[in-house]
Structures are given as C-alpha cells and as structure tokens.
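Letter by letter, the sequence shown follows residues 1 to 251 in our numbering.
Backbone N, C-alpha and C define an ideal beta-carbon position, used for all residues, glycine too.
Computed from a predicted model, the values in this text were never measured in an experiment.
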Amino acid sequence: MSRRPLVAGNWKMHGTRAENAALLDALLHGQEAYATADVLVCPPFVYLWEAARILKSANIALGGQTVCAESIGAFTGEVSASMLKDVGCQYAIVGHSERRALYKEDDALVARKFVATQSQGLTPILCVGETLDEREGSRTFDVIARQLHAVLDVTGIAAFAKAVVAYEPVWAIGTGKNATAEQAQEVHAFIRAELHKRDATIAASVRILYGGSVKAANAREIFAMADVDGGLVGGASLKADEFLKICAAAA
Ligand code: PEP
C-alpha cells in the first residue's frame, strides 16, 4: 500500500509573532517542495489563530503540540481539542517525550489525550520512543510496545485508521544524533507488525513518522526506508530553507 508522506514541524516554544509569521510566509512560497507530501506545522498555542489566518487555504495543516485530555472546565492553562479545532487545527501531537519526561504524562494520560483528540475529529500523532538507557539495556521493543499498547488497549485498532504514529528515540531528539536509517526502519517495522497483529489493513495504511535530529542532510536516506512515511521535525523546522528541503526529501 502506498502511503502519502507527511512531514510535521514541531516548533516547540520558539519564535515571536513576527518570526513565526515570516516562517509561515517562507513555507507558503516554497509550496512546490511538497506538492506530493502532506505538510503540517505545530506552532505554540498562542500563535495558532494567526497561523491559520496566514495559511488560509494553503496546503499546510496546523496542529497542537499537545492537548488537554479533558473537554472543558477548570483546568488552568490547558487547551482542549475542541479549541484546537476551533482555531483551525487538524492534528494534535500526543505523548511527545518532552511532555512525558518534563510534565510526567504517563501512558494512561497519553491514551486519554489520543481519545480526546479523535473525539473532535482531529488526527492524533502518537509519539513513542525509548531513552538511551532503555536502548542500551535492549529494552527498545518492550518500551515501544508498552507505549503503543497503552493506547491500543483503550481505543482498539479501528482508531488507528485515523491516527499517525511517530517513532522518536529520546536520545535523538534535539541532540544532533539521529537514528540511522536502519535503526529507524527496524523500530518502524516493529510498530507496524504490532498493529498488524490486530488489523492488517489498518497496519498497512498507518503513517509512521521518524523524529529525532532530522535535517536536510539525513532526511532522504531515512525517509527512503520501507516503513518510514515522513518525519516529525523539531529544530530543523524552524528554518524555512532546511524544512522545505526535508519536505522535498519526503515528497
Ligand atoms: C521533536 O521535537 O519532536 C524533534 C524530533 O526534535 P529535533 O528534530 O530537534 O530532534
């Protein structure tokens, strides 16, 4: 089955209004780079509304970097899936390793965020990935399976027909040390095989992105792997030229 590539930019907590508008403008002017790939950007929450206005009907989707598991109420500082939808988002990242590590989001909460995202018709991008200790202790597959099944057991496999999975080894995020194409492929194939145990058709159609120090110089080799369907890009998504080259590598 051919899966349309997806490249997602996670801007994290970077940029001013003016800088982010300029970045979007540059991406809009480089549309030929991603004619055959889906492109998504995830600016900080406060810039989403303006980003949606700048992008208008452009071929770039918007997503939240995280989302609240609750739908409404006294949850100071949180942003619900319906709010993301209201300002023009189509996606939300759930389970990013920074949320897991810094904000103590556990597997159960990630599963609830996944459900909350889909409840509003948004597509969750479920991040999974092992730490360096876990990899060196040969626990990579155990960790990935645990993170994946924590969601699957709550949602069932049907939910993955409208979801994206991102393999993001924690040791590769923001370190400049990417997984090799072979390391990425090995884990992506494992994720797809786990999904396949529940439904072969859905497993074949789910897009699995690689994230962790993706840059223009390594994107083509990683994206060429059979089970890698694009990337979730942090640092390199903040430079328009670099991000457009990564999009072109996926397209
Ligand atoms: C990320 O934030 O999800 C990420 C992969 O970051 P970087 O590309 O900077 O490693």
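With respect to the 8 Å criterion, R207 and L6 are classified as neighbours on the basis of their beta carbons.
Runs of the alpha helix (DSSP H) lying entirely within the stretch 64–150, each at least 4 residues long, are 81–86, 97–102, 107–119, 132–136 in chain order. Just measuring C-alpha positions, the residue of I144, E130, V151, R135 sitting nearest T117 is V151.
Annotation for L209: the continuous beta strand (DSSP E) segment containing it runs 207–211.
If you check the CB distance, I54 and A21 come in under 8 Å.
By the neighbour-count definition (other C-beta atoms within 10 Å, threshold 16), L132 is an exposed residue. The count of Cβ pairs closer than 8 Å, one atom from the stretch 40–49 and one from the stretch 58–78, reaches three, so the stretches are in contact. Here Q90 is near T123, since their CB atoms are less than 8 Å apart.
Shortest Cα-Cα distance from Q185 to any of A166, K197, T201, I202 involves A166. Beta-bridge pairing by DSSP links L62 to V41. Selection A74, L209, G88 evaluated against A58 yields G88 as nearest (Cα-Cα). Contact annotation: P169 and E130 have beta-carbon atoms nearer than 8 Å.
Residue side-chain check: L126 keeps its Cβ at 7 Å or more from all non-hydrogen atoms of the ligand PEP. Contact annotation: L126 and G95 have beta-carbon atoms nearer than 8 Å.
Under the three-state reduction of DSSP, N10 is assigned to strand. Residue environment for T175: exposed (fewer than 16 other C-beta atoms within 10 angstroms of its C-beta). Here the alpha carbon of R220 sits roughly 32 Å from the alpha carbon of W49.
DSSP, read as helix, strand or coil, puts A166 in strand.
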